[in-house]
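Notes to accompany the following structure.
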Amino acid sequence: MPRPASLAAALAVTGLVTAGLAVPAGAAVAETAEPLRGFTTTTLRFSVEVGPPEDRRACEVVGDLRVPDGVSPSAPAPGAVLTTNGFGGDKDGTGPNGNGSYAARFAEQGYVTLSYSGLGFGGSGCDITVDDPAYDGQAGSQLVSFLGGAPGIATRDGAPYDIAGLVRTDATGADGAAHAHDPRVGMVGGSYGGQAQFAIAGIDPRVDALAPTYTWNDLAHSLSPNHAGGTGTSVTSEVPGVWKSAWQGLFFGLGVAAPVTNPDNEAGTCGGYTPWICQAVAEQATLGYPSPDTVAHTRAVSVGSYVSRIKVPVLLSQGQRDSLFTLNEAVATYDQLRRQGTPVRMVWQSWGHTASDPAPGELDTGTLEPGSADLRDTYQGRIVTDWMAHWLKDVPTDLGPGVRYFRDWAYTPPADPSDRAAALAAVQQAYGRSGKHPVGATTQLALSGGDALVPAGSAVAPGSASFVSTGATPATSTGEVVVDGAATPSVDAPGTFAAWTGAPLATPLDVAGIPEVQVRFDAPLLAATQTSSPLGKLMLFGKLYDVAPDGSRTLVKDLVAAARVPDVTKPTRITLPGVVHRFAAGHRVQLVLAASDATYKGTGLPGTVTVVDSPLAPNVLTLPLAGR
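According to mature numbering (1 follows the signal peptide of the UniProt record, and there is no 0), the sequence shown holds residues -27 to -1, 1 to 601 in order.
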C-alpha cells in the first residue's frame, strides 16, 4: 500500500489543501513528461469461484491483458490498472468512459492493465449479480491475485498463463497486513464498472486506489427513490420509494438479452439475472414500490451499506446530467468516506447517463487502438492520470481540491473542438473548485401566498395551493429524461401540480449542490390511509424550473425528485436532485410539486393535497450556492 510521497501530497490526502492553497494544476505532474508506450494485448480466460459457502459457483471470466513495451520480470511495471464494463457492456468498451479504451490508455502510461467482462456479460459466465461483493467482488479479487502473479487462474488458448513478476508488489495491504500475490493496483471504470470497484475493494485489502465514475450509493434509492424525510446527505430512506419504471425496464431488457448474446450465461427463468432481481422487478411493476426483501438485496450490493470496509483512496466522479445516479448519491458516498477518514476527491462532470458526451477537452479515452488518445490532453483524464500516478507510481502529483464542478455558464466552446489545447483550456476555465462539500453558502426562498417565492426574512403572505394526487392513474406530468437525446417538453396538467415562482432576478443566481424544500401538507384523506401501507402515503414529485423572461420554462438538468411522504401530518423535508445551474439575471426560480411523472409508476390513493403558506411557520426552499 503506497504512502504520500511528499508534504504537499500528505496535506492533500488529509484534506488540508484547499482550492486556495493547492499547487497549480499541472505544476507537479511528472506524468506529462513521460512518452507514451506501445503495448501488447492478450485475450485470456480466467477460472474463478464465487459466492457464499452455501452457493459456491465456478465461473469463467474473459479479459484482455495489456502489457506495455519494455515490461519484464527484470523491469516490472510500477503498477496495474483493473477495469470492467458498464451494464450491458463487455471487456472492449470504448467511448468517454469505456473500460477497454481506458485500459489501452493506462497501458500507454506504463501500467499493466486488465479489462474484463463482468459476470454474465460479454463472454463471461454465471448470472448477473449486480456487483454483489460475494460474487462480482470475489471474481475481481481473483483477478487481483492474477495481476500479483498467482498461477492457476488464467489460460491462453487452453494453456496455463501467468504474469509472475510483471507488476510491482506491495509488502502490505490497506489493512496493514501482508498478503500473497499483492500487486500495486488501482481500478477505473463507470456505472456498473464503478460499483464493481467498491465490491472488490470492500473484500480485498490489496487494492490500492479507486476511480469510479457515475455509480450508485444505495441501489434501492437509484431504482425506487424517496427524496422525502431523509437526514443529512444520506439517500437512504426507511419508507420505500417510487418505482423508476422507465430505467428498470431498460436495464431488465439488457439482462434478459444476456443469454442470447452470451450463450455461456446461466439460462434460467430469470434470463441471465440472479433470481431475486426478477422477483424485484415483478413486484415493483405491480405495486410501484420495493418490498423489504428487495430493499435488503439492493442495499447489500451498494457501497453505502459496507462503506466502512473501503479504506483506499477514492476519486469519485458523477454526472450532472444523470437521472439514474444523481449527484445526491455521489455526495452521500463522499460524505461517508470523508467522515471515516478515507482520502476522497469528487468531480461533478458535465455528462452522465442521460447526456453521455463530455465537453471537448473534458474526457476522451479514445479507442482500443494504440495512440488513439492521450488522457493527459483532457481535464478529467489529467485528474485520473495524476490520481493513479500518485497512489500507484509514488509520483508526488497534486491531487487537487476536495470538489470540482463543471459550470456550463463559465464554459465557452473552443472555435475548433479538435484543437486539444484550446479545448482543455476552455474546460479548465469552466470548472469551479472547492476545498470540500458543500461548495458554498446557501440562500433561502419562502413559499408565499400559494404561488410565490420571496426572499427568506421578507413578508410571507398567507395563502394555499392545492392539487389532486392522481394515485395509480396515467401520469399527468412529463419531465425527467431517461434516454440520451430523448428530451421531451416538460408538461404539468392543470389541477395536478402546485407552483411557486420568484421575482425576476436582478443578478445571476448560481446554484451548485442539493436544493431542499421544507413543506407542510394538509391532506386529510391521505392522513387517514398512510399507516395502512406505502400505497396509502402521499406520492409527489419535486421539480426546479428556470423561467425565462418570455415565460418559457426549463426543467433544471431534466431532473425530478420522487417522494413518498413518511407522515403527511408533519413538516416534511424533500431533497431535490443535485444540480449546478445559473439562473440568469431577469430569469425566475420556480418550484413545482406535481402528482406524477411519466418516468415513474404511479401508485397510491387519489386525494386532494393542500400546501398552506403561513408567515407563522413558513415553507422554505433552500438553494446551495456555487463558491466564489
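The beta-carbon is built from N, C-alpha and C at its ideal position, and this holds for glycine as well.
Coarse secondary structure for residue i, derived from DSSP in three states
i	result
Pro522	coil
residue 603	Outside the displayed range of the chain (-27 to 601) lies residue 603, so it cannot be described from this structure.
Asp540	coil
Cys32	strand
Pro374	coil
Gln82	coil
Val(-15)	Note that Val(-15) scores a pLDDT of 35, beneath 50, so its modelled location is shaky; the value from the coordinates is reported in the next line. Reduced to three states, the DSSP call for Val(-15) is helix.
Phe119	helix
Ser569	coil
Ala231	Any reading at Ala231 must be qualified, since the residue scores a pLDDT of 41, below 50, and its modelled position is unreliable; no value is offered.
Tyr165	helix
Lys516	strand
Leu192	helix
Tyr75	helix
Tyr384	coil
Asp359	helix
Ser278	helix
Beta-carbon contacts of residue i that lie in its chain and below 6 Å, excluding the five residues immediately before and after
i	result
Tyr378	Trp321, Gly405, Ala485 and Val553
Pro477	Gly559 and Arg561
Thr186	Asn70, Gly163, Gly167 and Ser290
Val280	Gln309
Ala77	Leu341
Pro588	Val433
Ala500	Val541 and Thr542
Arg312	none
Straight-line gap, residue i to residue j (C-alpha atoms, nearest Å)
i	j	result
Arg18	Thr102	20 Å
Leu87	Leu528	41 Å
Val541	Val584	11 Å
Asp381	Leu55	32 Å
Val276	Pro106	10 Å
Val40	Ala132	19 Å
Val180	Thr13	24 Å
Thr340	Glu22	31 Å
Thr299	Gly551	7 Å
Ala147	Pro386	42 Å
Pro497	Ala253	32 Å
Gly244	Ile250	10 Å
Val427	Thr595	12 Å
Pro369	Gln82	16 Å
Asp130	Ala144	33 Å
Ala567	Gln293	22 Å
Pro232	Leu92	Per-residue confidence for Pro232 stands at a pLDDT of 38, beneath the threshold of 50, marking its modelled position as unreliable; the derived number appears in the next sentence. Answer to the nearest angstrom: the Cα atoms are 12 Å apart.
Met361	Pro522	47 Å
Val161	Val376	19 Å
Ala209	Gly436	Position check: residue 209 holds Thr in this sequence, whereas Ala was assumed. Cα to Cα, Thr209 sits roughly 33 Å from Gly436.
Gly(-2)	Arg393	In this prediction, Gly(-2) scores a pLDDT of 37, lower than 50, which makes its location untrustworthy; no coordinate-derived value is stated.
Asp63	Ser97	9 Å
Val468	Val565	This sequence places Gly at residue 468; Val is not what is there. In a straight line, the C-alpha of Gly468 is about 12 Å away from that of Val565.
Leu116	Asp37	12 Å
Gly344	Ser391	16 Å
Close-in-space but distant-in-sequence residues of the same chain around residue i (CB under 7 Å, 5 per side omitted)
i	result
Ser197	Pro213, Gly214, Val215, Trp216, Lys217, Gln257, Tyr262 and Pro263
Tyr573	Val215, Trp216, Lys217, Ser218 and Ala535
Ala346	Arg78, Asp337, Thr338 and Gly339
Pro579	Val441, Ser442, Thr443 and Gly444
Ala303	Leu289, Gln291 and Met319
Val285	Ala147, Ala174, Val180, Asp181, Ala182 and Leu183
Chain C contact for residue i (CB, 8 Å cutoff)
i	result
Val285	As a matter of chain content, chain C is missing from the structure shown, which is built from one protein chain.
Residue i Cβ short of 7 Å to the ligand SAM heavy atom set
i	result
Pro579	Of the ligands one can find in the structure shown there are none, so the ligand SAM has no counterpart to examine.
Residues that residue i bridges to, as DSSP identifies them
i	result
His554	Val484
Ile101	Tyr246
Trp473	Leu564
Val54	Thr86 and Gly159
Val140	Ala50
Ser218	According to DSSP, Ser218 bridges with nothing at all.
Ile547	Ala201 and Val490
Glu22	Ala31
Ser407	Val376
Ala182	Gly159
Ser345	Beta-bridge pairing links Ser345 to no other residue.
Close-in-space but distant-in-sequence residues of the same chain around residue i (CB under 8 Å, 5 per side omitted)
i	result
Ser439	Ala471, Thr581, Val582, Thr583 and Val584
Arg29	Glu22 and Val23
Gly203	Thr209, Ser210, Arg546 and Thr548
Worksheet item: Okay, do the stretch 386 to 401 and the stretch 325 to 340 touch, 3+ Cβ pairs below 8 Å being the bar?
Response: yes
Worksheet item: Quick one: any contact between the stretch 114 to 121 and the stretch 133 to 149, if contact means 3 or more CB pairs under 8 Å?
Response: yes
Worksheet item: Three or more beta-carbon pairs under 8 Å between the stretch 542 to 552 and the stretch 487 to 504, yes or no?
Response: yes
Item to complete: Pair every Cβ in the stretch 351 to 358 with every Cβ in the stretch 412 to 420, then say whether three or more of these pairs are closer than 8 Å.
Response: no
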